[in-house]
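I have placed the structure first, in the form of structure tokens, so that the comments after it can refer back to it.
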Amino acid sequence: MTTSYDVESVPAALRVRELMTTGLLSQAVSVLCELNVPDVLSIPRSNTDIAEEVDADAEGLLPFLRAACAAGVLSEPAPRTFELTEVGQVLKSDHPTSMRNMCALTCREEFNRTWANAIHTARTGEPCFSVPYGKPFFEYMASNREFATLFDKAMTSSAAVDNLLSSYDFSRARHVVDVGGGRGAMLASLLKNNPHLTGTLLDLPHVVANAEGIMAEAGVADRVTLVPGSFFDEIPPAGDVYLLSRVIGNWNDADSLRILAAVRAVMKPDSRMVIVGQMPSASDRTHYPRQLDLYMFALLGARLRSYDEYQELFTQVNLTATDQWNFPDSESVLEARPA
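Take a look at the structure:
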């Protein structure tokens, strides 16, 4: 959120009032994304023109547009005229690092109802998603195809592919097993940028069923094996690199150890495990990693881990952390080898 005043000069009660309503800004931005407003703002336009373009009510749309200005994604250069800021450009559907799907996902009713029950997590240490929905998050997603599709799209569009490609050297590997790799966007990019590699994609049946198109579009379908299954059951063998992107950060310690142990059991002496995920560190410039840590715990009972906390897990499954590439406020890359 942006402010145009000296924060220290504002009375504490007003600052808390602003803090308590900050979530409304994210809701406003989500509504604008759902209406396709960012895509029609290639030039400054009036609220009336925008409303006509996206089939909305001009007066009803106005407070959402002004809330988005307060959030810093729009500006109002003239009364009732709006344009995207540099920050707001990432809300366009065709932006290379578009956040549109992620915004649409995180402001859905499923998450709002979860947060309405967040006190359950603080009191019990248990995730609160199942309080309103009667089942854990991943079970619910498996039963709701529309929600699962949006979730997969959000994960695909926000995957930290560039962080992995710019940091980790795959030249000595021949085969990569992407464990819990979703629809395969990261693996497809990895294979496209490393023509010598072949890959295996492991994820739940309803997820990998949507991977063929992504692999074909990237031109790597002939180098990929799709394996429907669970990383809690059986991990494909013969990998030189086992890639776990946004996997361990989704689970508590007990389940994370189950996943790590299953992968470790099939690793060769010279295999490497590569983990991609948020790893809070002193170099972070925003509060996002800690906000995400709270989000993951309330939703899944999971928590984000630092490099040292990953090493504590590794020692319990005969692995050792050997290198790390830190990307502040973003997803870092961590390598582990058999101990």
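Sequence positions in the sequence shown follow UniProt numbering and run 1 to 339. Note that beta-carbon positions come from the ideal geometry of N, C-alpha and C, so glycine has one too.
- By the neighbour-count criterion, in which a residue is buried when 16 or more other Cβ atoms sit within 10 angstroms of its Cβ, I248 is buried.
- Taking each of A154, E126, G60 in turn and checking the Cα distance to A104, the smallest one comes out for A154.
- The beta carbon of F129 sits closer than 6 Å to the beta carbons of T114, F137, L299 from its chain, once the five residues preceding and following it are set aside; these are given in chain order.
- Counting only runs of 3+ residues, the beta strand (DSSP E) found wholly inside the segment 266-328 occupies 272-278, 319-325, in chain order.
- Put simply, the backbone Cα of L197 is about 11 Å away from that of G239.
- In this structure, the beta-carbon distance from L35 to V54 falls below 7 Å.
- V227 and K268 have their C-alpha atoms roughly 20 Å apart.
- Under the DSSP assignment, G199 falls in the beta strand (DSSP E) whose first and last residues are 198-203.
- T81: member of the beta strand (DSSP E) spanning 81-84, first to last residue.
- Residue pairing for D178: DSSP places it in a beta bridge opposite L201, L243.
- Residue V276 holds the alpha-carbon nearest to the alpha-carbon of V333 among V276, L243, S306, Y310.
- Contact check for A321 against F327 fails: the beta carbons are separated by 7 Å or more.
- The three-state reading of DSSP puts L74 in strand, counting E and B together.
- With fewer than 16 other Cβ atoms from the protein chains shown falling within 10 Å of its own Cβ, N318 counts as exposed.
- E110 and Y133 have their C-alpha atoms some 8 Å from each other.
- Taking 7 Å as the cut-off, the beta carbon of A68 is found no closer than this to the beta carbon of L19.
- About 18 Å separates the beta carbons of V274 and V220, which is beyond the 8 Å limit, so they are not a contact pair.
- DSSP, read as helix, strand or coil, puts R45 in strand.
- Counting only the Cα atoms, S281 lies some 7 Å from S306.
- When the Cα atoms are used, T149 and R264 turn out to be separated by approximately 30 Å.
- Nearest C-alpha to N163 among E335, A336, S330: S330.
- Boundaries of the alpha helix (DSSP H) harbouring V31: 22-34, taken from the DSSP string.
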